Amino acid sequence: MAMEPAARVEDEIAHGYGMLAMVGGALVGVAAGVAVVGAIGLTGGLAAVAIAGAVAGGGLAGDQIASGLETIFNLPEPTTGVLTIGSPNVFVNGRAAIRAELSSAGGCSGAPFNHFTMSGAVIVREGSASVFINGQPASRLKSKLMCGAHIKSASPDVLIGGETVQTGFVFDLEAWTRSGLQILGIGALVGAGVFAAMAGAAAFGAFAGIGALGYAGMEGVGMIGDAIGPGYRDLLQGLVGMGMVVSGPKLAREGSIASERAKITELSNQGKIADARAILQRHVDAGDVDGIVRRLDVSSPRDGGHLRSGNGAAAKAEATRTGGVTLEGTPGGRVIDDWPDLGKKLPWDQGGKQLWGGASRNYTKGLSGDVRVLQTPKKAALGGGDIFKEYELPELDKGLRSGRITGITYDPTLPEPPPRP
1 MAMEPAARVE DEIAHGYGML AMVGGALVGV AAGVAVVGAI GLTGGLAAVA
51 IAGAVAGGGL AGDQIASGLE TIFNLPEPTT GVLTIGSPNV FVNGRAAIRA
101 ELSSAGGCSG APFNHFTMSG AVIVREGSAS VFINGQPASR LKSKLMCGAH
151 IKSASPDVLI GGETVQTGFV FDLEAWTRSG LQILGIGALV GAGVFAAMAG
201 AAAFGAFAGI GALGYAGMEG VGMIGDAIGP GYRDLLQGLV GMGMVVSGPK
251 LAREGSIASE RAKITELSNQ GKIADARAIL QRHVDAGDVD GIVRRLDVSS
301 PRDGGHLRSG NGAAAKAEAT RTGGVTLEGT PGGRVIDDWP DLGKKLPWDQ
351 GGKQLWGGAS RNYTKGLSGD VRVLQTPKKA ALGGGDIFKE YELPELDKGL
401 RSGRITGITY DPTLPEPPPR P
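Note that UniProt numbering gives residue 337 to position 337 of the sequence shown, counting from 1, and the numbers run on in steps of one.
Below you can see the structure in the form of structure tokens.
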């Protein structure tokens with residue numbers, strides 16, 4: 001049986017911060033959802049699911065954060081009105097007692113963000129199911145009024161027991177919004193599950209696994225909050241939830257990059273270079289050098305790394321002869337090597353150098369064991385080509401210092417390339 005302090009005339013009413021927090025969180029979710037859609041090019045139902053999930057997650061996370069902060073720091077709720085009409089013959093602490101339907105506040109401002117200002121009587125619509133005053137349920141702390149506000153101050157020493165009963169309609173926009181966000185979140189989750197199932201058993205299994213881990217993780221965070229003290233469950237879960245919403249665009253982008261890189265690698269290994277290039281085409285058309293580089297798998301076997309300055313064909317043949325690989329022989333390198341459209345869209349002085357430099361840097365970062373540096377005599381006399389000096393050499397030094405690279409052999413005997421016709 002709930003025991004709450006009795007309400008009296010001149011006690012205050014309030015709405016709290018829940019509505020403001022949910023609206024603010026939902027707006028963050030809208031921004032994050034749109035960013036996710038843009039980052040990975042979602043359309044139709046998938047776009048709707050992503051945005052809906054972000055809106056629901058952001059709104060509910062904001063609500064939990066506000067609730068936790070209110071509890072932990074005992075934040076005062078902004079007063080939106082005062083109870084003015086009470087019992088004519090029952091008094092609590094010398095003030096007229098409040099009862100449902102017969103008592104009211106003299107208006108409510110609706111702040112923050114709950115409803116427009118209401119003037120005139122705002123009827124009390126909740127009270128005790130077992131304690132009555134003038135034939136109506138006795139109202140107490142937390143009892144709601146018709147506008148959705150609740151009684152926020154009450155007697156310091158008189159308690160009223162019994163379950164809470166509602167005697168009439170309550171315009172509880174905060175509760176409706178919270179329920180709406182929960183329904184929206186469930187709908188987004190179901191929708192995501194349907195799309196995952198349509199993608200195949202593996203995709204649905206991954207979706208189910210991630211969902212289970214997410215639920216377990218949030219519950220674990222909640223248990224940590226419970227151990228700290230009242231309010232911390234809401235605060236910690238809300239912060240984690242909001243963090244997931246805010247980081248959603250980045251996570252989606254990274255996930256999309258990893259997925260496309262795996263697909264490009266698979267197609268390259270199957271010799272389907274045209275299909276692999278088709279995945280990269282939109283980034284080539286947009287001049288997105290970083291987007292291209294990050295989708296290339298330029299890994300090499302230990303002791304098989306070969307860097308080259310000049311005469312790519314001869315370097316590739318030499319690397320192959322010794323069981324190694326140059327950048328152009330990696331899955332990603334095969335895709336961008338000798339790609340006419342790439343050269344047209346990204347000439348050397350308009351992104352081409354940065355593209356090959358970025359791919360070369362990543363290739364060198366992945367080298368391990370013994371590395372060979374193949375150079376034509378002319379390039380060797382200059383200390384290597386521009387790509388080698390600007391992008392590869394710094395990574396070689398880092399690899400040596402870390403022990404990842406155990407030795408470097410410089411071979412300046414690479415044949416000069418034949419003159420161009």
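Where is the CB? At the ideal position from N, CA and C, for every residue including glycine. Bear in mind the structure is a predicted one, so any value in this text is a computation, not a measurement.
Boundaries of the beta strand (DSSP E) in which M118 is found, first to last residue: Start and end: M118 to I123.
Whole-angstrom distance between D288 and I273, CA atom to CA atom: I273 and D288 have their C-alpha atoms roughly 20 Å apart.
Segment contact flag, the region 215 to 233 with the region 6 to 16, C-beta cutoff 8 Å, min 3 pairs: Flag = no, the region 215 to 233 and the region 6 to 16 do not touch.
Closest residue to G168 among A61, P156, G180 and S143 (Cα-Cα distance): Measuring C-alpha to C-alpha distances from G168 to each of A61, P156, G180 and S143 identifies S143 as the nearest.
Selected residue, minimal CA-CA separation from E260, among G291, Q182, V90 and A31: Looking at the Cα atoms, G291 is the closest of the given residues.
Close Cβ partners of G248 (< 7 Å) along its chain, the five nearest in sequence each way excluded: A32, V36 and A54, listed in sequence order.
Continuous beta strand (DSSP E) stretch holding A14: start and end: First-last of the beta strand (DSSP E) with A14: E12 to A14.
Check whether R372 and G310 have beta carbons under 9 Å apart: Not a contact, by the Cβ cut-off of 9 Å.
For I98, the three-state DSSP class (helix, strand or coil): Collapsing the DSSP output to three states places I98 in coil.
Uninterrupted alpha helix (DSSP H) stretches inside the region 339 to 407 (no shorter than 4 residues): Runs of the alpha helix (DSSP H) lying entirely within the region 339 to 407, each at least 4 residues long, are 340 to 345, 352 to 365, 377 to 381 and 393 to 402 in chain order.
The region 185 to 204 contacting the region 156 to 168, beta-carbon criterion three pairs below 8 Å: The region 185 to 204 is not in contact with the region 156 to 168.
Environment of Q237 [buried if 16+ CB atoms lie within 10 Å]: Around the beta carbon of Q237, 16 or more other beta carbons sit within 10 angstroms, so the residue counts as buried.
Closest residue to I98 among S119, I160 and M223 (Cα-Cα distance): The residue with the shortest Cα to Cα distance from I98 is I160.
Buried versus exposed, by CB contacts within 10 Å (16 or more), K379: A residue is called buried once 16 or more other Cβ atoms fall within 10 Å of its Cβ, and K379 is buried on that count.
Local Cβ density within 10 Å of D297, reported as buried at 16 or more and exposed below that: Burial state of D297 is buried, judged by a 10 Å Cβ sphere holding 16 or more other Cβ atoms.
Rounded C-alpha distance that separates P230 from S67: If you draw a straight line from the Cα of P230 to the Cα of S67, it is about 11 Å long.
Distance, I336 Cα to Q350 Cα: Rounded to whole angstroms, Q350 to I336 spans 16 Å at the Cα level.
Exposure of residue 464, with buried meaning 16 or more beta-carbon neighbours within 10 Å: Lying before the first or after the last residue shown, residue 464 is absent from the chain, which here runs from 1 to 421.
Identified DSSP bridge partners for C108: Answer is M118.
Contact under 9 Å by Cβ, G333 with A313: No, they are not a contact pair.
Close beta carbons around A26, own chain, < 6 Å, minus the five adjacent residues each side: Within the same chain, Cβ atoms closer than 6 Å to the Cβ of A26 are found at V55, G58 and G59, the five residues on either side in sequence being excluded.
Beta-carbon contacts of G86 that lie in its chain and below 6 Å, excluding the five residues immediately before and after: Closer than 6 Å at the Cβ level, and outside the excluded window around G86, lie V9, A96, A97, I98 and S103.
Boundaries of the beta strand (DSSP E) in which L83 is found, first to last residue: Where L83 is concerned, the enclosing beta strand (DSSP E) starts and stops at T79 to I85.
From A2, E395, V245 and G385, residue whose alpha carbon lies closest to that of P412: Here the closest residue by C-alpha is G385.
Buried versus exposed, by CB contacts within 10 Å (16 or more), T322: Exposed, because fewer than 16 other Cβ atoms sit within 10 Å of the Cβ of T322.
Buried or exposed (CB count within 10 angstroms, at least 16 for buried), T265: Buried: at least 16 other Cβ atoms inside 10 Å.
Same chain, Cβ closer than 7 Å to A149, five either side skipped, listed in chain order: Answer for A149: I13, A14, H15, T80, G81 and C108, listed in chain order.
Neighbour-count burial assignment, N114, 16 or more Cβ in a 10 Å radius: Buried: at least 16 other Cβ atoms inside 10 Å.
9 Å Cβ cutoff met for Q281 and D341: Yes, Cβ-Cβ distance for Q281 and D341 is below 9 Å.
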